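The numbering used here numbers the first residue of the sequence shown as 21 and each following residue consecutively.
Virtual Cβ for every residue (Gly too), placed ideally from N, Cα, C.
Quick caveat: nothing in here was measured; it's all calculated off a predicted structure.
Structure record follows, encoded as structure tokens.
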Amino acid sequence: VLLVDDEPSFRSMIADMLEGNKVLQFVSGEEAIAWLKKNPEVKVDLVISDYNMPGRNGAETCGEIRGLAPQAKFILMSATIVENLDFVAQKNLFDGWLSKPFSPTAFEEMVGRLLPHAVSFFQASAANSTASVTSIYKE
């Protein structure tokens, strides 16, 4: 999983929700693209990217990564409404959209829909009312 977001706290939260999976975190689209170009042998199943970031936005990042990893599924997230979202969606640049803030359940459902080969277990902790998502891939 490539996780691209300029907000460290949000990156950390998403990485925690994907515990058990290999998650590579990047602060910008440029950084993620550069890493992927240097590591073309790595198979990327999922890219999760914020839309609004300095430099290359999430849609531009997904567009370029799609050329490098065509098998990858893409989730874009944003705390603001994207005016050209319909245009971006028509270009098939992403497979799912999450509006920040989103619930762990919404995140789990999105990941499960995009990666049907994953078995997801949603665990809620009654002690502190927090939730986490763990995905286990079938071999």
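*Give the straight-line distance between the Cα atoms of R2 and S48, rounded to the nearest whole angstrom.*
What the structure shows of the chain is the stretch from 21 to 159, and residue 2 is not part of that stretch, so it cannot be assessed.
_Length at least 4, wholly inside the segment 27–62: the alpha helix (DSSP H) runs in chain order_ = 28–37 and 49–58
*Where the alpha helix (DSSP H) containing M130 begins and where it ends*: P124 to L134
*Apart from the five residues on each side of it in sequence, which residues of its chain come closer than 6 Å, Cβ to Cβ, to D70?*
D25, G78 and M97
_C-alpha gap between E27 and D65, whole angstroms_ = 22 Å
*asked:* When you compare the CB positions of L134 and G116, do they come within less than 9 Å of one another, or not?
replied: yes
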